[in-house]
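Engineer:
There are 2 protein chains.
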Amino acid sequence: MRASRFLFATLRETPNDAEVISHQLMLRAGMIRKLASGLYTWLPMGVRVLNKVEAIIREEMNRSGALEVFMPVTQPASLWEESGRFEQYGPELLRFKDRHGNPFVLGPTHEEVITDLARNELKSYKQLPMNFYQIQTKFRDEVRPRFGVMRSREFVMKDAYSFHIDQASLQETYDVMYQTYCNIFNRLGLDFRPVQADTGSIGGSGSHEFQVLADSGEDDVVFSTESDYAANIEKAEALFVGERAAPTQALTIVDTPNQKTIADVCQFLNADPKQSVKALLVQGIADEQGNTPVIALFLRGDHELNEIKAEHHPLVAAPLTFATDEQLQTLDLNAGFIGPQGLVEKNIPVIVDRAASVLSDFIAGANNKDQHATGVNWERDALFTEVYDLRNVVEGDLSPDGKGTLQIKRGIEVGHIFQLGQKYSEALGCTVLGEDGKPLTVTMGCYGIGVTRVVAAAIEQNYDEKGIIFPQTIAPFEIAIVPMNAHKSPATLQAAEELYAELSAKGFDVLLDDRNERPGVKFSDLELTGIPHRIVIGDKGLAAGTFEYKGRRDAESVNLSKDELFEKLKA
Amino acid sequence: MRASRFLFATLRETPNDAEVISHQLMLRAGMIRKLASGLYTWLPMGVRVLNKVEAIIREEMNRSGALEVFMPVTQPASLWEESGRFEQYGPELLRFKDRHGNPFVLGPTHEEVITDLARNELKSYKQLPMNFYQIQTKFRDEVRPRFGVMRSREFVMKDAYSFHIDQASLQETYDVMYQTYCNIFNRLGLDFRPVQADTGSIGGSGSHEFQVLADSGEDDVVFSTESDYAANIEKAEALFVGERAAPTQALTIVDTPNQKTIADVCQFLNADPKQSVKALLVQGIADEQGNTPVIALFLRGDHELNEIKAEHHPLVAAPLTFATDEQLQTLDLNAGFIGPQGLVEKNIPVIVDRAASVLSDFIAGANNKDQHATGVNWERDALFTEVYDLRNVVEGDLSPDGKGTLQIKRGIEVGHIFQLGQKYSEALGCTVLGEDGKPLTVTMGCYGIGVTRVVAAAIEQNYDEKGIIFPQTIAPFEIAIVPMNAHKSPATLQAAEELYAELSAKGFDVLLDDRNERPGVKFSDLELTGIPHRIVIGDKGLAAGTFEYKGRRDAESVNLSKDELFEKLKA
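Those sequence lines, one after another, are chains A and B. The letter at position 75 of the first sequence is residue 74 when you use numbering that gives the first Met the number 0, and the numbering goes up by one with no holes. The letter at position 107 of the second sequence is residue 106 when you use numbering that gives the first Met the number 0, and the numbering goes up by one with no holes.
(1) Give the range of the alpha helix (DSSP H) segment to which residue 27 (chain B) is assigned.
(2) Could you pull out every residue in the same chain whose Cβ sits closer than 8 angstroms to the Cβ of residue 307 (chain B), ignoring the five residues on either side in sequence?
(3) Would you please verify whether the beta carbon of residue 214 (chain A) is less than 8 angstroms from any beta carbon of chain B?
(4) Can you look up residue 390 (chain A) in the DSSP assignment and give me helix, strand or coil?
(5) Assuming contact is defined by CB atoms lying nearer than 8 angstroms, are residue 112 (chain A) and residue 70 (chain A) in contact in what I supplied?
(6) I need the straight-line Cα distance from residue 192 (chain B) to residue 210 (chain B), nearest angstrom please.
(7) Got a sec? Which residues, its chain only, sit under 7 angstroms from residue 361 (chain A) by beta carbon, not counting five neighbours each side?
(8) For a contact meaning CB atoms closer than 9 angstroms, what does residue 41 (chain A) contact in chain B?
(9) Taking beta-carbon pairs under 7 angstroms, can you tell me which members of the region 510-539 of chain A lie near chain B?
(10) Got a sec? Which residues, its chain only, sit under 8 angstroms from residue 95 (chain A) by beta carbon, not counting five neighbours each side?
(11) Does the beta-carbon distance from residue 407 (chain A) to residue 214 (chain A) come in below 8 angstroms?
(12) What's the call for residue 207 (chain B), buried or exposed, on a 16-neighbour Cβ count within 10 Å?
(13) Mind checking who residue 460 (chain A) pairs with in its DSSP beta bridge?
(14) Give me, in chain order, the residues of the same chain whose beta-carbon lies closer than 6 angstroms to that of residue 348 (chain B); leave out the 5 immediate sequence neighbours on both sides.
(15) If we define contact as Cβ-Cβ less than 8 angstroms, is residue 119 (chain B) a contact residue for chain A?
(16) For residue 75 (chain B), which option in A:36, A:64, A:75 and A:60 has the closest C-alpha, if you only look at C-alpha atoms?
(17) Pull up the distance between the alpha-carbon of residue 495 (chain A) and that of residue 511 (chain A), whole angstroms please.
(18) Check distances from the C-beta atoms of the region 43-66 of chain A to those of chain B and list, in chain order, the residues that come in under 7 angstroms.
(19) Return the bridge partner residues of residue 445 (chain B) from the DSSP annotation.
(20) Establish whether the CB of residue 136 (chain A) and some CB of chain B are separated by less than 8 angstroms.
(21) Please specify which runs of the beta strand (DSSP E), each continuous and at least 3 residues long, are wholly inside the region 127-182 of chain A, giving them in chain order.
(22) Return the chain-ordered list of same chain residues with a C-beta closer than 6 angstroms to the C-beta of residue 429 (chain A), the five sequence neighbours on each side being excluded.
(23) Going by DSSP in three states, residue 509 (chain B) sits in which element: helix, strand or coil?
(24) Just to confirm, is the Cβ distance from residue 177 (chain A) to residue 60 (chain A) under 8 angstroms?
(25) How many angstroms separate the CA atom of residue 136 (chain B) from the CA atom of residue 73 (chain A)?
(26) What are the boundary residues of the beta strand (DSSP E) that includes residue 112 (chain B)?
(27) Among A:547, A:244, A:301 and A:533, which has the Cα closest to the Cα of residue 265 (chain A)?
(28) In chain order, what residues of the same chain have a beta carbon less than 7 angstroms from the beta carbon of residue 252 (chain B), not counting five sequence neighbours either side?
(29) If you draw a straight line from the alpha carbon of residue 446 (chain B) to that of residue 156 (chain B), how long is it in whole angstroms?
(30) If the cut-off is 8 angstroms on Cβ atoms, which residues from the region 304-329 of chain A count as contacting chain B, listed in chain order?
(31) May I ask you to list the residues that DSSP assigns as paired with residue 532 (chain A)?
(32) With a threshold of 6 angstroms on Cβ separation, who are the neighbours of residue 14 (chain B) within its own chain once the five nearest residues in sequence on each side are excluded?
(33) Taking Cβ positions only, does residue 383 (chain B) come closer than 8 angstroms to chain A?
(34) Alpha carbons only, please: which of A:533, A:484, A:18 and A:20 is nearest the one belonging to residue 508 (chain A)?
(35) Could you check where the beta strand (DSSP E) with residue 39 (chain B) kicks off and where it finishes?
(36) Measuring straight from C-alpha to C-alpha, what distance separates residue 423 (chain B) and residue 130 (chain B)?
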């Protein structure tokens, strides 16, 4: 490609509304432009990267034996009604009617469509396992799109869905996909970790996220210092630690006027929050009459509720919803002053986090406005219904596999593999004839990669103050050739053209920067856009028979003979 | 690819709801499945073809110097309001609101989005010309989707938009795109014709459609027997032929009770429809008070109105709309019995087609219910406002270039190139700084290919009673290898595996049909899906050192040595 015929839409200034570095650099490098909130046009510089990412994904998916399909973006609402998600899915699911008034959705995902396809096309166990994938546009009407293409409303996803006669077959394909994802992200040049993930309400026995480690990540990823254990914090189990000591203090009521938060109360009482419990009152599952009970959750004062874990508790409604002021009033409870004492007696289930359950002589609300209790002890002063893992782990916690302690880093989820089980095949009646001639509900897996997000994630991991440092496999161009004073020195342009032709013929993706710009402008653009190799051709070098080479991460350029240069580029 | 791991979703029966052959065969070959009206999922067999078509298009577009971009499917309505099309575009434009109530459309085309991009990114005449293209999903809410992917609601399009400082530059890029389209359709193996097309209300000086000739086509394409002239019938000019003879008959009123159509009247009067005129009363352009006048169009009885031509007349409203019954009553006119006599005197403009204008002694309505007039003559009996080209040409008409006569064939439009001029750049204010430092409104072209439609069009041209006959460049597989009795004869399977490996290594796209099916089933599937080359490996051939080769169009198979086989495949 000749730069003079390409769109260099580079920006010198950092755009105001871009919070994270990848968003800033993608705008500055002229890779994307915002069309509307959460909608981005990919410019030629960005499309080159996107196409390379897609090609690697397609190649590895084909190699894994998955078969490519292509499903519509617009999907009939009726399928979503069959699966139950037309109601369940929140406003991220964009619903609309066509000219005839028939209801449709813009596909945020394709489980329904592929399961509908499978129930029509798959007839016999002999056809299984089968794994279908596509690379297609998705739409999720995010309430607050942000971070550029990292969390946009329209985005490109590689989604795959596999079909099996049993769990063992699913596990086999799942393992193949796990390895395929590792291959893909390795080829994309990403520093990533497969981590255990929550399987949500679907249950199923396995789910892994592929997390790219970067400070701007929206996920907390937990690692063991001593083992391979890695999990999303949503999933990481907080182990029991220690045993409850016997009570030593008497329960005492103290006035704590207007001290509603744990921090306030503990400062006021000059106590450590680790020696306190905090209450979270949430909606329980509605009974047959439609009444929703209130459930009391208690955590140690310094711990954070893990909503996903709470939602897994059979008494707690999902999505997690806090009790209303009216419900608290009815129960004669004052927010900020609630303790576990007497709740079970009032028929309020009390679920205590493991860490809170081993406290003794602790501080809790007194169930009177502006009062707390000190010296509270479980059983003696407060009954509980159940002990449960309710909290997020923190750095230094024991690793759930018993080896080492936990560290926490930020991650960007770029892939997710998931054992769906029979959720969709049951809802949509997707069966095949089994070996015994009887219908058999298929078992499913699903496997996603955020294709557009991968580009942003790669940048979050690879940049410096000059701009992007693309991994060579996905760089918009692999090599840039800059003839010095091309418009005055025909010899350098001639030499540049020859090198351009030679390198292109060898299969390199080369940019010849023949623009009528100062060298400084060209160098800035080439660094900003993250092109891995730069070759400058000047009159001096021509006379000496050398090329000025600089790798994108190098501090200084070096003069290389042609042979040395080609050796360098081959490596 | 091993067939045992592929999805062969072939059907023996022709599906009921598929009218055209490509739709039938794409369903039968397991290339597509209907998800909802006008929405199709592409199965693995179809995606392989689609990907090959896309790759050829992308390669040739890149070669032409166009730059690939990727624009969102969802577009803010505000841009369509700027261009005026939010109101103008009919219900094919799917409009919806997002969760915040902001109006959007599902993009049926991307002129607005690309012009918005260009007005932000293109600053100087030095950057031009620039040609952007994308391969992206489009949505048009067709009132009656049909013919499978030929006229679906969601489809894939390659659309390109070029930007220029002047018409001369546009013409240059237009010519490049014309040649690029020829290259693309040649590589796709299509029998196509570039034909002149109407430029519609946009005006502009040039537009060509690329028409694939096939009986199922929805367009009429007109050719000269003696020259290169080719045009869509919408565009083809009907020349003046002959001169008007002097009147010989007196005007006579005859009773024609209930004879409303030209066919009825002429049969009733035992006259040739060529000796009659028919009236079409349509809406004129509204005046400043908002009143729409009625305009009378007259054509020879055997001719068909060309609506596009009529819409070009400055007095006629577009889209063409017939006068209402109320309007006719007010004017004291009876549908079916309208003649030109006295209309101009009633202030009804009378526009006469060229062929009708040279009639004398003709039959027309008498402007009385159940009466016609014979021996009518222009000027003596009926004034007219203007003579205009209003009709569709018919076979045998003179070619507009004066060379030969016209033939008419059916065509499927697979591509369209169009000189847009400044319609969008003016509406959206897309300017660059010109050489003189002053803002200059850019001139635009646009260039589309219906990517999914191309696949159907290729099939419409290439099939027989056994199924599809794909051009090799876009076949799902180039070669199929069938080991006979593979499950009983390890030797044939072994030989097939070796040949499979060898041909794959040579870069051929090979299917090894290792399915546990009877040879007849395999042969039918391979013929149905249009794979160009079939190689059967049996025990006899193995012993003789030959392979049984059959091209998809061949009547019989031939036994070839390995060298002969490879020669054949190379050719």
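Every residue gets a Cβ at the ideal spot worked out from N, C-alpha and C, and that includes glycine. Nothing here was measured: the structure is a model prediction, and the numbers come from that model.
Structural biologist: Result, derived from the coordinates:
(1) 20-27
(2) 197, 199, 233 and 234
(3) no
(4) strand
(5) yes
(6) 5 angstroms
(7) 274, 275, 276 and 375
(8) 67, 68, 69, 70 and 133
(9) none
(10) 102, 103, 104 and 105
(11) no
(12) buried
(13) Per DSSP, none; premise fails for residue 460 (chain A).
(14) 294, 314 and 384
(15) yes
(16) A:36
(17) 7 angstroms
(18) 43, 46, 49, 64 and 66
(19) B:160 and B:417
(20) yes
(21) 129-138 and 153-163
(22) 114, 117, 118 and 441
(23) strand
(24) no
(25) 10 angstroms
(26) No beta strand (DSSP E) holds residue 112 (chain B); the alpha helix (DSSP H) holding it covers 110-120.
(27) A:301
(28) 365, 370 and 372
(29) 10 angstroms
(30) none
(31) A:478 and A:550
(32) 26
(33) no
(34) A:533
(35) 38-41
(36) 15 angstroms
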